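Novice:
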Amino acid sequence: MQGALDFRDRAKLFASLEAQTFDLLVIGGGVTGAGVARDAAMRGLKVALVEARDFASGTSSRSSKMIHGGLRYLAQGDLALVREAASERKAVEAIAPHLTRLTPFIVPAKNLAGIAKLNAGLWTFEKLGGVAKDRKHETWSREELAKNEPAMRVDDLAGAIVYPEYLTDDARLTLANVRSATVHGAVVANYAPVTDLLVEGDHVVGAVIGDGLGGNDGARVLATVVVNAAGPWVDALRKLEDGGAPKRLTLTKGIHVVLPGEKLPVSRTVVISTPDKRSIFAVPKRGMTYIGTTDTFYEGADYWPKIETADVDYLLDAVAARFTSPPLKPSDLTSAWSGVRPLVAEEGKSPSDISRKDEIWTGPGEMLSIAGGKLTAYRQMAQDVVDMVQRALGGKASKSVTATTPLVSGDVNVGVVIQQLRAQGLPEHEAERLVQLYGSEATDAVGGPAVEAKRAVMFEGALTLEDYWVRRSARAWFDPDAGIGALGPAARAMGDLLGWSDDEREQQVVACRAIHDESMAFQRS
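Residue numbers for the sequence shown follow our numbering, beginning at 29 and rising by one.
#1: Specify whether the region 315–328 and the region 407–422 touch according to this definition: at least 3 beta carbon pairs, one from each stretch, less than 8 Å apart.
#2: Tell me the DSSP secondary structure of Leu-449 in three-state form.
#3: Give me, in chain order, the residues of the same chain whose beta-carbon lies closer than 6 Å to that of Ile-134; leave out the 5 immediate sequence neighbours on both sides.
#4: Between Arg-90, Ala-39, Val-59 and Leu-45, which lies nearest to Val-498 when the distance is taken from Cα to Cα?
#5: If I follow the unbroken alpha helix (DSSP H) through Thr-404, where does it start and stop?
#6: Looking at C-alpha atoms only, which residue of Asp-339, Val-538, Glu-532 and Thr-167 is the closest neighbour of Leu-241?
#7: Can you give the beta carbon distance from Leu-465 to Arg-200, rounded, assuming they're within the 8 Å contact cut?
#8: Which residue's Cα is closest to the Cα of Glu-79: Ser-88, Asp-51, Leu-73 and Arg-71?
#9: Looking only at its own chain, which residues have a Cβ that is under 8 Å from the Cβ of Val-59, when we skip the five neighbours before and after it?
#10: Would you say Leu-279 and Pro-370 are within 8 Å of each other, going by their C-beta atoms?
#11: Rounded to the nearest angstrom, what separates Ile-543 and Glu-488 at their Cα positions?
#12: Can you round the beta-carbon distance between Val-372 and Gly-400 to whole angstroms, since I take them to be within the 8 Å contact cut?
#13: Can you look up Thr-60 in the DSSP assignment and give me helix, strand or coil?
#14: Among residues of its own chain, excluding the 5 on either side of Val-537, which ones have a beta-carbon nearer than 7 Å to its beta-carbon?
#15: I need the straight-line Cα distance from Pro-303 to Leu-344, nearest angstrom please.
#16: Sorted by chain position, which residues of the same chain lie with C-beta nearer than 6 Å to Leu-435's C-beta, five sequence neighbours on each side aside?
#17: Tell me, which residues are paired with Ser-169 by DSSP?
#18: For Tyr-219 and Lys-281, which I take to be in contact (beta-carbon distance under 8 Å), what is that distance rounded to the nearest angstrom?
#19: Taking the Cβ atom as the reference point for each residue, do Ile-237 and Ala-251 lie within a distance shorter than 8 Å?
#20: When the Cβ atoms of the region 265–279 are set against those of the region 386–397, are three or more pairs found closer than 8 Å?
#21: Taking 8 Å as the cut-off, decide whether the C-beta atoms of Phe-42 and Asn-244 are in contact.
#22: Which residue from Asp-37, Leu-33, Gly-56 and Leu-77 puts its Cα closest to that of Asp-263?
#23: To the nearest whole angstrom, what separates the beta carbons of Asp-341 and Pro-379, a pair I think is in contact under 8 Å?
#24: Compare the C-alpha of Arg-38 against each of Ala-549, Asp-530, Leu-526 and Arg-541 and name the closest.
#25: Roughly how many whole angstroms lie between the Cα atoms of Ile-95 and Leu-150?
#26: Phe-42 by DSSP, collapsed to three states: which one?
#27: Please return the same chain residues whose Cβ sits closer than 6 Å to the Cβ of Arg-384, not counting the five positions on each side in sequence.
#28: Please return the same chain residues whose Cβ sits closer than 6 Å to the Cβ of Ala-484, not counting the five positions on each side in sequence.
#29: Identify every residue that forms a DSSP beta bridge with Asn-256.
#30: For a quick check, are the C-beta atoms of Arg-170 and Ala-186 less than 8 Å apart?
#31: Check the DSSP bridge columns for Met-316 and list the partner residues they point to.
#32: Can you check DSSP and say which residues form a bridge with Ile-283?
#33: Take the Cβ of Ser-547 as the centre, count every other Cβ of all protein chains shown within 10 Å, and call the residue buried at 16 or more, exposed below.
#34: On the premise that Val-479 lies in contact with Gln-452, defined as a C-beta separation below 8 Å, what is that separation, rounded to the nearest angstrom?
#35: For a test of the three-state rule: what should DSSP assign to Phe-83, helix, strand or coil?
#36: Which value, in whole angstroms, describes the spacing of the CA atoms of Arg-117 and Arg-552?
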């Protein structure tokens with residue numbers, strides 16, 4: 029299978045990382061690092077990518093799962109960012125149509141002046157972004173809003189603006205970039221944390237990696253250029269290059285909560301205003317509705333930041349003010365996720381006011397560090413980094429073709445594959461789920477958790493049950509039981525391939541249940 033990631037022979041994998049000197053070593057397997065690896069490999073560079081845990085295990089699996097067109101940047105007057113976001117939205121749709129689900133966004137307005145302002149803003153946005161005629165916004169009256177979204181409270185509204193945006197699966201988008209990098213020769217490894225940087229003279233020439241799962245001695249990976257794409261851990265890696273490196277990142281925490289769709293019935297994404305002048309979203313997905321996000325300062329680059337009761341109350345209170353359905357309680361929620369955003373520090377600004385622009389820094393050892401940015405713009409960020417890498421290698425930046433070359437499993441007609449799955453007897457919702465996860469490979473993924481988990485090991489680099497449950501299937505978030513029922517069959521299938529004993533299988537299940545229980549601890553407070 030194209031771009032198959034099978035990491036069961038860890039000794040062989042580490043040996044392949046030591047066997048050559050690479051042009052480029054990318055540290056960090058989130059969406060930015062994966063995008064850099066793909067772009068560089070497609071330009072003919074010898075590339076290695078290492079990730080401390082699993083691909084997309086940090087910020088790149090904890091986003092609001094949206095490919096934004098950049099409308100919010102228009103309000104900030106940043107026209108260049110609007111153009112970039114709109115252009116990148118088109119690019120992601122072109123290379124991964126299964127990972128860009130078109131969905132209407134509803135922006136309520138309290139008066140006619142508000143509608144006029146939104147209309148003017150969207151007209152400008154559509155001009156700057158080259159939005160197709162059939163995807164331009166429309167205006168709803170209060171009566172139309174009440175008819176189309178009957179659960180909304182509309183008595184204080186004049187109407188709404190409705191425009192299309194895209195939903196994605198951030199972890200699957202990351203994985204598709206990783207797999208695509210290997211198609212072009214990249215050597216990639218997860219659970220390979222960097223323990224030190226290798227320096228010759230005053231130049232960073234590689235890294236020492238360990239085995240995050242134990243059992244191997246790790247490896248020394250040599251490269252002419254090293255890129256630090258470690259997300260929230262960028263500053264920690266910069267400290268390895270320069271012990272006196274000042275802190276450059278500000279971390280903020282965002283949480284999302286999930287509940288059955290019947291508890292908050294929306295058929296489109298609804299933008300909800302909050303008392304502190306922010307906006308949150310209520311998003312329908314797989315029969316569930318998820319709500320997010322918060323934006324608060326956070327100390328510490330934790331993999332699983334604690335979800336506080338105040339975080340949950342903030343979201344549920346805002347929903348209660350906009351919907352007529354019975355007020356939601358924490359006990360209504362089935363799952364929740366949290367993550368940290370690595371933003372370029374701006375003194376004196378609130379979390380939501382800090383720019384989402386990306387920056388690239390060159391350290392004293394010539395290591396390139398990429399920080400900030402948004403999921404939507406990951407491909408352009410990667411292109412900019414690889415341009416710099418090629419110049420650092422002594423050449424000119426060659427043309428990137430990542431905006432037009434489909435990702436692995438992205439060369440797909442979504443409607444046709446859904447029809448094929450329906451012909452096999454799958455209900456529509458399950459056919460859509462499989463296509464959104466697997467794209468052109470969806471017909472090979474039919475069979476439930478055991479089949480999916482087996483594929484995750486053999487083709488998608490999964491080495492723990494959490495890898496499958498959270499990042500390969502998203503069952504942890506969007507199954508009605510938070511994917512708890514899938515853990516047993518998935519553990520058995522993975523254990524057969526990875527050589528787990530019965531005790532190890534049970535430990536894997538217990539570890540996933542612990543993640544769920546800790547994420548939902550607010551229900552017990």
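No residue lacks a Cβ here, since even glycine has one placed at the ideal position from N, Cα and C. Computed from a predicted structure; not experimentally measured.
Specialist: Answer, in terms of the structure:
#1: Flag = no, the region 315–328 and the region 407–422 do not touch.
#2: The sequence position of residue 449 within the sequence shown is 421, counting from 1. DSSP places Leu-449 in helix when its eight states are reduced to three.
#3: Reading the sequence shown from its first residue, position 106 is the one you call residue 134. Hits under 6 Å: Ala-188, Val-190, Arg-296 and Val-298.
#4: Here residue 498 refers to the residue found at position 470 of the sequence shown. Comparing Cα positions, the closest option is Arg-90.
#5: Indexing the sequence shown from 1 puts residue 404 at position 376. For Thr-404, there is no enclosing alpha helix (DSSP H), as DSSP marks it with neither H nor E.
#6: Sequence index remark: in the sequence shown, residue 241 carries index 213 (1-based). The shortest C-alpha separation from Leu-241 is found at Glu-532.
#7: Within the sequence shown, residue 465 is the residue found at index 437, counting from 1. Within the sequence shown, residue 200 is the residue found at index 172, counting from 1. Yes, they are in contact, since the Cβ atoms of Leu-465 and Arg-200 sit about 6 Å apart, within 8 Å.
#8: Reading the sequence shown from its first residue, position 51 is the one you call residue 79. Looking from the CA of Glu-79, the closest CA among Ser-88, Asp-51, Leu-73 and Arg-71 belongs to Ser-88.
#9: On the sequence shown, residue 59 is found 31 positions in, with the first residue counted as 1. Within its own chain, the residues whose Cβ lies closer than 8 Å to the Cβ of Val-59, once the five positions on either side in sequence are excluded, are Ala-84, Ser-88, Asp-198, Leu-201, Thr-202, Asn-205, Leu-403 and Tyr-406, listed in chain order.
#10: Translated into positions along the sequence shown, residue 279 becomes position 251. Translated into positions along the sequence shown, residue 370 becomes position 342. Yes. Within cutoff.
#11: If you number the sequence shown from 1, residue 543 lands on position 515. If you number the sequence shown from 1, residue 488 lands on position 460. If you draw a straight line from the Cα of Ile-543 to the Cα of Glu-488, it is about 22 Å long.
#12: Position 344 of the sequence shown holds residue 372. Position 372 of the sequence shown holds residue 400. Their Cβ separation, rounded to whole angstroms, is 4 Å, which keeps Val-372 and Gly-400 in contact under 8 Å.
#13: If you number the sequence shown from 1, residue 60 lands on position 32. Correct three-state label for Thr-60: helix.
#14: Along the sequence shown, read from residue 1 onward, the residue named residue 537 stands at position 509. Spatial neighbours of Val-537 in its own chain (CB-CB distance under 7 Å, excluding positions within 5 residues in sequence) are listed in chain order as Leu-493, Leu-515, Gly-516 and Ala-519.
#15: By 1-based counting over the sequence shown, the position of residue 303 is 275. By 1-based counting over the sequence shown, the position of residue 344 is 316. One alpha carbon belongs to Pro-303, the other to Leu-344, and they sit about 12 Å apart.
#16: Locating residue 435 in the sequence shown gives position 407, where the first residue counts as 1. Closer than 6 Å at Cβ, skipping near neighbours: Ile-123, Ala-124, Ala-204 and Ser-208.
#17: On the sequence shown, residue 169 is found 141 positions in, with the first residue counted as 1. Gly-187.
#18: Here the question's residue 219 lines up with position 191 in the sequence shown. Here the question's residue 281 lines up with position 253 in the sequence shown. About 25 Å separates the two Cβ atoms, so there is no contact after all.
#19: Within the sequence shown, residue 237 is the residue found at index 209, counting from 1. Within the sequence shown, residue 251 is the residue found at index 223, counting from 1. At a Cβ-Cβ threshold of 8 Å, Ile-237 and Ala-251 do not count as neighbours.
#20: Touching, per the Cβ criterion.
#21: Taking the sequence shown and counting its residues from 1, the one referred to as residue 42 is at position 14. Taking the sequence shown and counting its residues from 1, the one referred to as residue 244 is at position 216. Yes.
#22: Along the sequence shown, one-based indexing puts residue 263 at 235. Looking at the Cα atoms, Gly-56 is the closest of the given residues.
#23: For the purposes of this step, residue 341 is taken as the residue at position 313 of the sequence shown. For the purposes of this step, residue 379 is taken as the residue at position 351 of the sequence shown. No, Asp-341 and Pro-379 are not in contact; Cβ-Cβ is about 18 Å, not under 8 Å.
#24: Counting from one through the sequence shown, the residue named residue 38 turns up at place 10. The option with the nearest alpha carbon to Arg-38 is Leu-526.
#25: Here residue 95 corresponds to residue number 67 of the sequence shown, with the count starting at 1. Here residue 150 corresponds to residue number 122 of the sequence shown, with the count starting at 1. Roughly 17 Å separates the two Cα atoms.
#26: The residue given as residue 42 occupies position 14 in the sequence shown. Three-state result, Phe-42: helix.
#27: Position 356 of the sequence shown, counted from the start, is the residue given in the question as residue 384. Within the same chain, Arg-384 has close Cβ partners Lys-402.
#28: On the sequence shown, residue 484 is found 456 positions in, with the first residue counted as 1. Taken in chain order, the residues that qualify are Ala-490, Tyr-496 and Arg-500.
#29: Reading the sequence shown from its first residue, position 228 is the one you call residue 256. Bridge partners of Asn-256: Ile-55 and Ser-397.
#30: The residue labelled residue 170 in the question sits at position 142 within the sequence shown. The residue labelled residue 186 in the question sits at position 158 within the sequence shown. Taking 8 Å as the Cβ cut-off, Arg-170 and Ala-186 qualify as a contacting pair.
#31: As a working note, residue 316 is residue 288 in the sequence shown. Paired residue(s): Pro-288 and Lys-313.
#32: Walking along the sequence shown from the start, residue 283 turns up at place 255. Note: Ile-283 sits in a beta bridge opposite Ser-366.
#33: Position 519 of the sequence shown holds residue 547. Counting Cβ neighbours within 10 Å, Ser-547 comes out buried, since at least 16 surround it.
#34: Along the sequence shown, read from residue 1 onward, the residue named residue 452 stands at position 424. Along the sequence shown, read from residue 1 onward, the residue named residue 479 stands at position 451. Going by Cβ atoms, the distance from Gln-452 to Val-479 rounds to 13 Å, so no, they are not a contact pair.
#35: Looking up residue 83 in the sequence shown gives position 55. Residue state, collapsed to three classes: coil.
#36: As a working note, residue 117 is residue 89 in the sequence shown. As a working note, residue 552 is residue 524 in the sequence shown. Take the alpha-carbon of Arg-117 and the one of Arg-552: they are about 40 Å apart.
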